[in-house]
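2 protein chains.
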Amino acid sequence: MKVLVADDDADLRELIAFTLTQAGYLVLKAADGAAALRRFAEDSADLVVLDINMPGLSGFQVCEAIRARSRVPVMMLTVRGEEEDLVHALGLGADDYLTKPFSPRTLLARIKALLRRAGMEPAAPLAAGRVALDLAEHTVRIAHGEAVQLTKLELRLLQMLLANAGHTVSSDRLLVQVWGHRSGGDRQLLKQLVHRLRQKIEADPAAPVLLRTAAAGYKLIVD
Amino acid sequence: MKVLVADDDADLRELIAFTLTQAGYLVLKAADGAAALRRFAEDSADLVVLDINMPGLSGFQVCEAIRARSRVPVMMLTVRGEEEDLVHALGLGADDYLTKPFSPRTLLARIKALLRRAGMEPAAPLAAGRVALDLAEHTVRIAHGEAVQLTKLELRLLQMLLANAGHTVSSDRLLVQVWGHRSGGDRQLLKQLVHRLRQKIEADPAAPVLLRTAAAGYKLIVD
DNA sequence: TGCGCCTGTAACCCGTCTGTCACCGCTCCG
DNA sequence: CGGAGCGGTGACAGACGGGTTACAGGCGCA
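Next comes the structure, spelled out in structure tokens:
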């Protein structure tokens, strides 16, 4: 779970990074807006924390640029008393905000809430019904069977489906979550990945039971 | 495993000391900052717990003084609502913090996590299965075989893997722990170091049995 | 100063993973 | 009927990452 933290205040940036690292997130840091965009283009991220006041590109501009390419959750940081900023930020597509000063505890709670809404909270169960994921080992175990080795993308896809076990996840959302692609276009990638994953986890890949095709997406059946 | 506890609140100090003693740690106590520094100079310690609010020398000053001489893990104690202090504390090199009030259980968990990160958690002994490390001599002994001389980096890598024996440790984490690198970066270093270590500890370095490649990292097999 | 060893860097091999294409079968609908 | 659209399948080439060899700079030490 990667979180990009952009803030020009080094102390605050390190505090946020520390808090998130402790909580088990992988943290990418950026000291200004331009660096944040570069970092996001290179590595993407599952969530972005943006200070509004940054030299060069402001948090607003960064948020706008990111939104043009991705639906990744964005949390803005603002100083108290400038609530007009929030209207602006939320209008640009930010998902949540915090007013400084805030406690690490609060930050963490809000970030978890955001990720949960996006369906990728790590605390989301790594097992449901007969399917149990092991993120560290990159394996999945079906109904006490043998552990099956998964690739990076297969793991990510299965994690997303598992986080929404029993419910259909749209192809668009899967594309965004697994590849970070903007919506539309690359259905073929998803088709292939589903196919490969089925080869590994389905008893009869031609008649899928676990990973079912649903209207406009896929869903994981866990009973 | 020695822990230095510095807090001017006698009740809290004794509670912490009691908790740690029960858990098997040797506890050194100090009632103020100056005493903490004296104690640390005399006896050193494997971990330091510092209250921020202390008469005379504050926790900040003690932390700074200790950091000037040692990389020992430092945990700061602060009261809720004054989290800005943490920015300062972490900036001075503290490794973790707790906001009062906290439960003994939490304290213990965090202290163990700190020691594990530093690679000296007693629950992660210097020997597991067939692998026994000697930190003082910079050697490792495999299954009662000959002691093998290790370099500084090899020792550090093996120590980290041993502390997580049987479980995959991600490349990112190893890079941070062995080199102190920040995020991502140089896989080549790790590749090389693993290769060199295998030459020393594996019967057949081309077919590693102990130091196995796992998804996104490495793991030590100890049976 | 010259000689080791340790560490970092580059270049190459090779197996796996991933993106892409071509084609199949099915359904929907004019 | 026939074509368009969609999902599933097989094949394949390039990208990627780990393993390996080779070599150069750094550092301690005689």
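Each protein sequence line maps, in turn, to chains A and B. Quick note on the working numbering: the first sequence kicks off at 1 and runs consecutively. Quick note on the working numbering: the second sequence kicks off at 1001 and runs consecutively. C-beta atoms are modelled at their ideal positions from N, C-alpha and C, and glycine is treated no differently.
Buried or exposed for residue i, going by 16 or more other Cβ atoms inside 10 Å?
| i | result |
| --- | --- |
| residue 152 (chain A) | exposed |
| residue 52 (chain A) | buried |
| residue 1013 (chain B) | buried |
| residue 1149 (chain B) | exposed |
| residue 204 (chain A) | exposed |
| residue 19 (chain A) | buried |
| residue 1167 (chain B) | exposed |
| residue 195 (chain A) | exposed |
| residue 85 (chain A) | buried |
| residue 1042 (chain B) | exposed |
| residue 38 (chain A) | exposed |
| residue 137 (chain A) | buried |
| residue 68 (chain A) | exposed |
| residue 145 (chain A) | exposed |
| residue 216 (chain A) | exposed |
| residue 17 (chain A) | buried |
My guess is that residue i and residue j are in contact by the Cβ rule of under 8 Å, so how many angstroms apart are they, rounded?
| i | j | result |
| --- | --- | --- |
| residue 106 (chain A) | residue 78 (chain A) | Rounded, the Cβ-Cβ distance is 14 Å, inconsistent with contact. |
| residue 1197 (chain B) | residue 1211 (chain B) | 6 Å |
| residue 1140 (chain B) | residue 1219 (chain B) | About 16 Å; that fails the 8 Å criterion. |
| residue 186 (chain A) | residue 175 (chain A) | 6 Å |
| residue 15 (chain A) | residue 1048 (chain B) | Actually they do not touch by this definition, with Cβ atoms about 20 Å apart. |
Say the cut is 8 Å; is the CB of residue i nearer than that to a heavy atom of the ligand HEM?
| i | result |
| --- | --- |
| residue 1073 (chain B) | With respect to the ligand HEM, the structure shown offers nothing to examine, as it has no ligands at all. |
Would residue i pass as a contact of residue j if the rule is Cβ separation under 9 Å?
| i | j | result |
| --- | --- | --- |
| residue 209 (chain A) | residue 131 (chain A) | no |
| residue 74 (chain A) | residue 46 (chain A) | no |
| residue 1062 (chain B) | residue 1028 (chain B) | no |
| residue 1155 (chain B) | residue 1128 (chain B) | no |
| residue 188 (chain A) | residue 160 (chain A) | no |
| residue 134 (chain A) | residue 147 (chain A) | yes |
| residue 36 (chain A) | residue 50 (chain A) | yes |
| residue 60 (chain A) | residue 89 (chain A) | yes |
| residue 1070 (chain B) | residue 1044 (chain B) | yes |
| residue 1108 (chain B) | residue 1023 (chain B) | yes |
| residue 1111 (chain B) | residue 1158 (chain B) | no |
| residue 76 (chain A) | residue 94 (chain A) | yes |
Can you give me the start and stop residues for the beta strand (DSSP E) that residue i sits inside?
| i | result |
| --- | --- |
| residue 1015 (chain B) | Per DSSP, residue 1015 (chain B) belongs to no beta strand (DSSP E); it is in the alpha helix (DSSP H), 1010-1022. |
| residue 217 (chain A) | 217-220 |
| residue 77 (chain A) | 74-79 |
| residue 1003 (chain B) | 1002-1006 |
| residue 47 (chain A) | 47-51 |
| residue 95 (chain A) | Where residue 95 (chain A) is concerned, there is no enclosing beta strand (DSSP E), given that its DSSP letter is neither H nor E. |
So the alpha helix (DSSP H) residue i belongs to, where does it begin and stop?
| i | result |
| --- | --- |
| residue 173 (chain A) | 171-179 |
| residue 142 (chain A) | Premise fails: residue 142 (chain A) lies in the beta strand (DSSP E), 139-142, not in any alpha helix (DSSP H). |
| residue 1160 (chain B) | 1152-1163 |
| residue 1147 (chain B) | Taken as a continuous stretch (DSSP letters only), residue 1147 (chain B) belongs to no alpha helix (DSSP H), being part of the beta strand (DSSP E) at 1147-1149. |
| residue 1126 (chain B) | Note, residue 1126 (chain B): premise wrong, no alpha helix (DSSP H); not H, not E. |
| residue 1036 (chain B) | 1033-1043 |
| residue 1193 (chain B) | 1187-1201 |
| residue 67 (chain A) | 59-67 |
- At least 3 beta-carbon pairs within less than 8 Å: the segment 1-8 of chain A vs the segment 52-63 of chain A: Taking 8 Å as the limit for Cβ pairs, the verdict is that the segment 52-63 of chain A does touch the segment 1-8 of chain A.
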